[in-house]
Each structure stands twice: as C-alpha cells, then as structure tokens.
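Q: First, the structure itself, so that you have it in front of you.
Numbering (the numbering used here), first residue to last: 746 to 1826.
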C-alpha cells in the first residue's frame, strides 16, 4: 500500500511488488483504492497551482499558501517535540534531577528548589493506579452527559458525537505540595505543583457537516492552590474546598482534524489565549471553584472572600533603559519610547509612553486588590513603543508578601532579561478597616495625593454579595422571566449571570468596587430580563446607610421598587475603609542570598530588589518601625465560661436482676468545643448529680460553631449513654449570659442545668477590683479560679541578636511563658534580626501578680536572650496596651525584641449583679436568672420574664418587624428549643398565636406540627396588613402546644408568651430568643 511519502510516479505494479506483509494481505480491490487515494492527494496538492495559473492569479498567492503550510507544519513539529520532551522529563525525573542538577536550577522540580515543598510520590502512585478508571469516568461523562447537552444546545450540533475518548497512559503528576498553616488557624492552605504531559486523544465528529476535530496530546503546568475552610468540629471536619490557580498555568495543545488549522502561525497564539481566558474565567484568581461539603455554607462568600488587602502602586520612573530605536543598523545609539504594563492576576494596567527617553518619569498610580498572600505577585514589563512590534525592555516581579510585611516599599528594582535598566516603584499596603472612624482622615489624605492617572485614590472598597430574589414579576406573556442584575456605582457597572426562566433566581455572585467617597455615592441595582430591556425592579441604596450599620455590613432582604408587591432581593453589602498605617515607613528590601532553596521567592516567584540606586550610590537604610503592625484579626478572640451546675431525672443504667430492680447511675459529662474536650468528675450512684464545675475556653467567633454536651454512666467495661444536646455559639454570644435547664436528647428523661457566659472584654481598669472580688467569692468542685483578664501577645521581630558560638547566624525561635503555660513561635532561618509576626493569648487569674517571660534561643538550644515583663506595667498603660521595643537580658547591649502586650479584662455580668446586691445588703444572693433582655438592651422592657412561681418551659425564636415598603407587619417563627416534654416520647409541638385585641380572631395563626421533637425548626413567616400605628397597638399572645387527640390524657400547653409590640423597634426588626412560661403549680 503506498504511504504518504510515496513518490507520485509510483505505479500500481510497483505497489504489487512491495514485499511488506501488510500489502500482501490486501485484496486487489483494496490496493486499487489505495493507489487512487494517493493519486488524489497529490493531485489535490497540485490543484491550487493549476487554478492560480488558470485564473491568472499572481504567483504570490501560491507562495503565501506554501508559507502558511510550512509554518503550520513547523508549529506541529515543535508541539510534538515539546510534548515528547515533557513526557520524557516526567518519566525520568529522578535520573534527570541527580545527573543534571548542576546544569540548570530552573528545570528542577519544586521539591528540590524549596525544602518546605514536600515530594508526594505516594499520591502520584495512587493517581497512576487509578488513571484508567478516571479515564472510564471521563469517557462516560463526555458521551452520556456532555454530548447530549451540546446536541440540545444548537440545531447545528444535533449530529455531534465523541468518536474516541482516550486519556492515555500518562497520568497527572503532583511534583510537590507546600502547606501554609501559619497564616490563619481556621483554614488549611495547600499549594499543589501540577504537571501534565499526556497522550490524551479525544475526537469529535459532526456528521451533518462532515466535520472531524480533536486533541492529541496536552501539556499543562501550574501551581494550584487548595484551601480547606472553615475547619469545623464535625465530620467531614472541613466546611468547603476552594481551589484556583494563582497565576495562569502554561498550556500547550496538539490539535487534530479540522482543528489542525489552529496551529497556523498567528492562529495558534490566538487559540491558546482564548482557551486560557476560558480557564482564567473559572479557575485563575480572583475566580475560584468552591465545593461545599456541608449544608448552609455561604458559597458566595467562600468563592469571593473579602480581599487580604489593597496595594497602591506608584509607578514613578525608570533609568538606564536599553536604547532600541538605533540608527544605521545600530552604529549610532538612539532612544526608546518606553511604557510599562503592570499585571496582578487578571488585573492589567498600561502606562502612557514617554517619547525618546531612556530615563522616563511616569508618576502614575494604580490600585489592585490582593486576594492571596503569599502567592500573588506584581509583574512589571517595560516596552519600547514602535509602529509595528514593540521591543522588550525588561521585567521585574515582586511578591506581595514582601509589601504586606513592610507596609511600604519604596525602592529601585533591577530589570531582568536585559543588559541594563531599573524601575522605581512605591508600593503601599492598605489594610481593611471595619469602622468608619478614620474615613474623614483617609479622604483628606487622598486629596493631598497627586497623580497623572484619571482616577483619584480610593477611600474604601465595597463588596456586594448578590444572593437571590423572591417573587419577581412575570413577563408580559405571563411566562417566567430570565433575570439578570446590573449593579452600578457612578460610572462602573457590573453584571451578574442570567438565571433562566424563574421568578425566584439564585445568583450567588460577588462584585467588588473601589469607592472614592462613600458619603456621597449610591448603589444602583437594576433587575432586568435577559433582553436587558424589560425592567423587573430597581433599588437604590445610599452608602451612608452602610456607614451607619454595625461593622459596615448590611445583610438583609430589600424591597424592590417598580416591581411586584412581594418582590424582594437578598444582598449582603460589606464596606471596608482603606487605611495606610500611620507608623509605616518606606522600606528597602535587601536581595535574598542565592542559595538553591532561596533562589525563588514565595511560591516560586523570583524577586530581586536592588538596594543600590541605578547610579551605584547606596540608598540610606530606613529607621526601624517603632510599633508592631499586627493583622486586624489580632486580639479579637473572646472567652466562653461554662458553669456545669447539676442534672436531674437522669436514666438509671445500673439495674439489677435483669432490670427488675432499678438502681442508679454514675454520671459524668463530656463537653466538646473548638476541638477541646472537658470532662467532669464522676458522681457515684446519683440520678440528680450536682457537679458545680467551671470551664473556660478561648474562642474565635466562627459561623456554625457548636458546643456539644454528652452524659455517660461510668462503668467498668463500657460507659452507658445518658443523653446529649448541642448549643450554637452564636446564640450564646448574642445573649452573653444564659442560666437555663437543657433537655437531653435521644433519651427518655433528663435535663442539665448550665450557666453560660460570653465574657465582655473591657479596658476599664476600675472594673478590675470588682472582678477580683467576685473571683475570690467563687468556689468550684474542680478547683478552677475564674480568669480576670485575657492577655494577647504579638511577637513581631527581634534585632541585633548575638551570633552562635561557631560564629554563624542563629536560627531563632521565641518561647512565651505565663504561669506554666507556654507557646512557641516558628524557627526563623539564620538571621540576627528575625521576624515572626505571630500572635498568642493567655488566661490571666490576677494581672497584678503575674509575669510574662519571653525566651529566645537557637533551635530551642543555645540561649540568645530573655525578657521579663510584669503585667503590672501593662496595667499602668493607656488602654492596657504596651507596644514597643524591649531590651533583652543575657544578650548584646543592642539586642532588642519588638512586641505588643494587650490586656482585656473579663467583666462578668455576675460580678455586676453581686456588686449591686451587695450594696443593698444582700451580697449572698443566688446567681441571677437568665434575663433574655441581654439579647438586645434596646428592648429590655419588651420581654416576658418568668416569675418565681412559674416554671420555665423552653424558648422560642421569633423575628418581629414592620416593612414600610409593603405596609405590613410580619412575624417569623423560627424554632423552639429545650421544650418541656409532655410524654415519654417528648412532644409533638406547634406554635399558635393571636394579635390582641382581636374580637373575631382574624389574626390567629399556627405553624405546622413537628413530630417527637423538643427542638423543632419551623421557619414560617406570617404577614398582617396593618399600618405601623396599628401594629404598635397590638399585643402578641403566643402559645407553644403539644398536638394531642381529644381522648389523650397528655397536657396540651407547653409554654406561652405575651409581648407588647410597642416595646419593639418594628422598623428595624428584631430576631431573638424569648423565654416561654409554663403552667403554674
């Protein structure tokens, strides 16, 4: 059979004489068809030449086609060689690394360059073993899911099919994994260095148009960041998985079939760019792929979290650039017309160009949002502006982790990949403040900044989380709309995705805006049909409303204007003021030593910063910062105090004679919160034990945190289960103080008495004496003394430490000790001026008598100095905070450490109550009953508090408010908890209420019944057409009842509540837990 390389002059006889076995097995008919096919191909190759001559075209047309074919062939060969080379490198990584390690450091895998990048060969073996089965899954996915979806999307693609799906034998390889656990204790961050050079083959055919296309071989190399957050105390331990590429990965595709045309020079770059843009729109920062693992996760906030900060980039000038516009073929040096392109992820800025100048001055300012530190970088490329193709003048990359630590970097950066040139940048890290206290100061500072850019500096950033809408109006043809949302602030408009054919769309999108002056700007929201013409509603929100909101956050439903009466949209608005620390001073960052492990910066970014000016003169080193610069999350933790008082009516587990004689139980309690487990002591043979034990735990207020209580009967073999219940931390922090009985779940009887307090943190020194006085009066079975304060310590850096005995620089770690409790920092690499930037906290019993000790050492061995700081010195400071450099004992005279010590007094409400009662002569009064008015002090008089003769029957959670836009009163019944059981099976509760006065009972409402549930969830909303004045005259009479038949002997009423609505701020709306009053004895 003739091949593609057969000469045109070969005859059929020559083919018959071919001794190849393949030819001898063919029939004469097949050989004839083969010869005709070869003849046709060569005739087709000559046909363009003949047609060009026949129609009188210029020979240039033929030459152009030949050039295009040659370029395509060359591009195809290059791609094939690159793919083969990459496959060989991945298959022979060990040999390549050991034999060629000294040839080129840049070709080594990341685990060789970075000692903190771990080689995960076990993972690669697992992927290789599972690769065939992954291929089977992908084939099934493409054939059974993707292909039908494509065929249904267009009438032209109804004959599309995948004729071949083979992912090959070359599996995806993970070259290394780097774990970041030092930045946020609530997440785990992993960097995966991925390499894929695969022999994948996927062919597609559209029979209607006789079109075949496909892919044969793909290369993909990049760093994928995977974030596991938030960490939770329940299985699967992680709330969601978020993944993204910090920078665009490198992609190379070998096309087959009709898509071969994409390898034509000019088209190949365009096609690869389009594919990379598609990937970037999904998986490159700021875009993320988020997979929730538990219910009720706010996916939009995980997919688009608040930025880490904002960097203000001042592109100032450049010097000694290369001259590209030469004369007489380079004999006479000319000038250049330089301009700069700045890239941060998908954010790209281009400066103006300066004509004929090798030392240009731009004086331009840009602001970029930074999502990930470490990882994200600034890349600056300088070009010479030309009419045809711009000439390259150099590039520089800077990791934003450097800017974040220094706050301000003002330096000259040497340009890479060119003979000479440097660029002058000033980079400022702007922190995000959740308070508007400094807004006027920020705006005044911005007015003093001058720049050649059109946009003035921003005073804040605004993040809008667009969640969903409810009951949007129908289209004119009475069909469901396809809503899309346009959000505008001044001249900037951003658009959501389209939700097709629904009046209750869910967008779950996030949008970020820079704000110049939030006091004068508004948010304009337009909800439209997908034709962008039909309006479904609008909304205008002045940013002054956000400025007046707590923590600059609005998270609520908004009534849409020019829409249906029930049309609403749910939006979360977060405003953050951009603040440049007033203690930040310009810093020159020295170049890193070129060791193999440090030849690349954070995350593999090369950043060489030139401490010398372009002229070779040393720039003066800036003064050391005089104060610490912790993150905004520093010192935000709080203390939860758990007083385990007693239990009643527990189940008897220690029975005798097969249960005929009931005995007792030996109960104890396990308390789990934030990964910490407390266990009470065991009380022998008691179904109504009294523990009187106290536990304290330091917590960060994370959404969804729960406290778990489990009771067990202590036995010789296996402990018996006596019941459990869970509490939401958010409910405790909202109430601050709770003194309540909780019914045990999953058992027939039993309840536990707890006193829970989220301790307010104050800096008023006058409160210390009453707190210590209350502390001295307490006595607990487990001998715990209540803490009087919480100490936060931020260890930033040290300076001028002594060398090791061998004369080398030490690897320094710091140990912080307070009364037997010890914490250690990370160990810094060899330096006499290490930097840690780590925070710690301690519970303090009596700050007047305790002392903080800091010990510095080389790898926890040779001592390098110590600091002894009595907390009395912190008490003597304003706001109970000490922030400065401290001299070290046992070190050099110049050895110092920079740290911040902050005390927060734990002002328990019980101390307040005891102090008040003591003045009245009743100092021994019992612990006060839980007053639900602590949930919102504005409405203290609006709550129904149980009298001494009434029994507590549980609690009910209600939202009561008035919608001015809808002119209606609404009441939402959310849930109940700790309801009193009405039988051995618990109860079948429902909620009914009426608004009095109401003679005809027209306002009587009831919820659905929840079977056998003492902690039911209802989440039912009831609306009433009242004016605001009528609503304030109503009294809510609510009952929680047990659904029983008329012949049942069970009691119907569980608890009741009466509430005067004139005591509630109906316009604002209140969501709270209310105490239910049971029947009197």
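Quick reminder that beta carbons are idealized off the backbone N, C-alpha and C, glycines included.
All figures in this text were calculated on a predicted structure; none of them were measured in a lab.
At what residue ranges does the region 1251-1292 contain a whole run of the beta strand (DSSP E), taking only runs of 3 or more?
A: As far as the region 1251-1292 is concerned, its whole beta strand (DSSP E) runs of at least 3 residues are 1251-1260, 1267-1273, 1280-1287.
Q: Can you tell me whether residue 875 is buried or exposed? The criterion is at least 16 other CB atoms within 10 Å of its CB, across all chains shown.
A: The residue is exposed, with fewer than 16 neighbouring Cβ atoms inside 10 Å.
Q: At what residues does the alpha helix (DSSP H) containing residue 1439 begin and finish?
A: It is not in any alpha helix (DSSP H) - residue 1439 instead sits in the beta strand (DSSP E) that spans 1435-1444.
Q: Given a threshold of 16 other Cβ atoms within 10 Å of its Cβ, counted over all protein chains shown, does residue 1605 qualify as buried or as exposed?
A: Exposed.
Q: What does the alpha-carbon distance come out to for the pair residue 1484 and residue 1501?
A: Cα to Cα, the separation comes out at about 6 Å.
Q: Taking residue 1065 as part of the beta strand (DSSP E), name the residues at either end of that continuous run.
A: No beta strand (DSSP E) contains residue 1065, which DSSP labels as neither H nor E.
Q: Just how far apart, CA to CA, sit residue 1640 and residue 1469?
A: Looking at the two C-alpha atoms, the distance is approximately 55 Å.
Q: Quick one: using the 10 Å Cβ neighbour count with 16 as the cut-off for buried, is residue 915 buried or exposed?
A: Residue 915 is buried by the Cβ-count criterion.
Q: Between the region 1234-1244 and the region 1252-1259, can you find at least three pairs of beta-carbon atoms closer than 8 Å?
A: Touching, per the Cβ criterion.
Q: With DSSP as the reference, label residue 1479 as helix, strand or coil.
A: Three-state result, residue 1479: helix.
Q: Looking at C-beta atoms only, is the number of pairs between the region 1537-1544 and the region 1578-1586 that lie closer than 8 Å three or more?
A: Contact between the region 1537-1544 and the region 1578-1586 is present, because at least three Cβ pairs lie under 8 Å.
Q: Give me the Cα-Cα distance between residue 1429 and residue 1120, rounded to the nearest whole angstrom.
A: Cα to Cα, the separation comes out at about 57 Å.
Q: Tell me whether residue 802 sits in a helix, a strand or coil according to DSSP, three-state version.
A: In this structure, residue 802 counts as coil in the three-state DSSP scheme.
Q: For residue 1561, which residues of its own chain have a beta-carbon under 6 Å away from its beta-carbon, when the five flanking residues on both sides are left out?
A: Once the five neighbours on either side are set aside, the close Cβ partners of residue 1561 are 1538, 1568, 1585, 1599.
Q: Pull up the distance between the alpha-carbon of residue 1507 and that of residue 1625, whole angstroms please.
A: Going from the Cα of residue 1507 to the Cα of residue 1625 covers about 10 Å.
Q: Starting from residue 1501 and walking both ways along the beta strand (DSSP E), at which residues does that stretch end?
A: Element bounds for residue 1501: 1496-1503.
Q: Select from 1545, 1534, 1325, 1290 the residue whose C-alpha is nearest the C-alpha of residue 1386.
A: Cα-wise, what sits closest to residue 1386 is 1534.
Q: Between 1055, 1494, 1436, 1095, which has its C-alpha nearest residue 1729's C-alpha?
A: Ranking the options by Cα distance to residue 1729, first place goes to 1494.
Q: I'd like the list of long-range same chain contacts for residue 1709, defined as Cβ closer than 8 Å, with 5 residues on each side in sequence excluded.
A: Excluding sequence neighbours, residue 1709 sits near 1773, 1812.
Q: Ignore the nearest five residues each way along the sequence and tell me which others in residue 773's own chain have a CB closer than 6 Å to its CB.
A: Same-chain partners within the cutoff: there are none.
Q: Between residue 989 and residue 1051, is the Cβ-Cβ spacing less than 9 Å?
A: The answer is no: Cβ separation not under 9 Å.
Q: When the distance is taken between beta carbons, is residue 1176 closer than 9 Å to residue 1325?
A: Contact flag set, yes.
Q: Rounded to a whole number of angstroms, what is the C-alpha to C-alpha distance between residue 1822 and residue 1497?
A: Their backbone Cα atoms lie some 18 Å apart in a straight line.
Q: Can you name, in chain order, every residue of its own chain whose Cβ lies under 6 Å from the Cβ of residue 913, other than the five neighbours on each side?
A: For residue 913, where only same-chain residues beyond five positions count, the Cβ hits under 6 Å are 943, 944, 945.
Q: Over the uninterrupted beta strand (DSSP E) stretch that includes residue 1619, give me the two end residues.
A: No beta strand (DSSP E) holds residue 1619; the alpha helix (DSSP H) holding it covers 1616-1620.
Q: In the DSSP assignment, find the beta strand (DSSP E) that holds residue 1091 and state where it starts and stops.
A: Here residue 1091 belongs to no beta strand (DSSP E), and DSSP marks it neither H nor E.
Q: Where residue 1065 and residue 1094 are concerned, what is the direct C-alpha to C-alpha distance, given to the nearest angstrom?
A: Spanning the two alpha carbons is a distance of roughly 23 Å.
Q: How far does the alpha helix (DSSP H) with residue 1827 in it extend, from its first residue to its last?
A: Any property of residue 1827 remains undetermined from this structure, which presents the chain solely from 746 to 1826.
Q: Out of 1735, 1653, 892, 1743, which one is the CA nearest neighbour of residue 1787?
A: Ranking 1735, 1653, 892, 1743 by Cα distance to residue 1787 puts 1735 first.
Q: For residue 1388, count neighbouring Cβ atoms within 10 angstroms of its own Cβ and tell me buried if that reaches 16, exposed if not.
A: By the 10 Å Cβ count, residue 1388 comes out buried.
Q: Please classify residue 777 as buried or exposed, where buried requires at least 16 other C-beta atoms within 10 Å of its C-beta.
A: By the neighbour-count rule (16 or more Cβ atoms within 10 Å), residue 777 is not buried but exposed.
Q: For residue 987, list the residues DSSP reports as bridge partners.
A: Answer by DSSP bridge pairing, in chain order: 972, 1035.
Q: Can you name the start and end residues of the beta strand (DSSP E) that residue 1145 belongs to?
A: Careful: residue 1145 lies outside any beta strand (DSSP E), inside the alpha helix (DSSP H) at 1145-1151.
Q: When burial is assigned at 16 or more other CB atoms within 10 Å of the CB, is residue 1634 buried or exposed?
A: Burial call: exposed.
Q: Report buried or exposed for residue 1779, applying the criterion of at least 16 other Cβ atoms within 10 angstroms of its Cβ.
A: Buried, because 16 or more other Cβ atoms sit within 10 Å of the Cβ of residue 1779.
Q: Output the distance between the C-alpha atoms of residue 1226 and residue 984, rounded to the nearest integer angstrom.
A: Approximately 33 Å between the Cα atoms of the pair.
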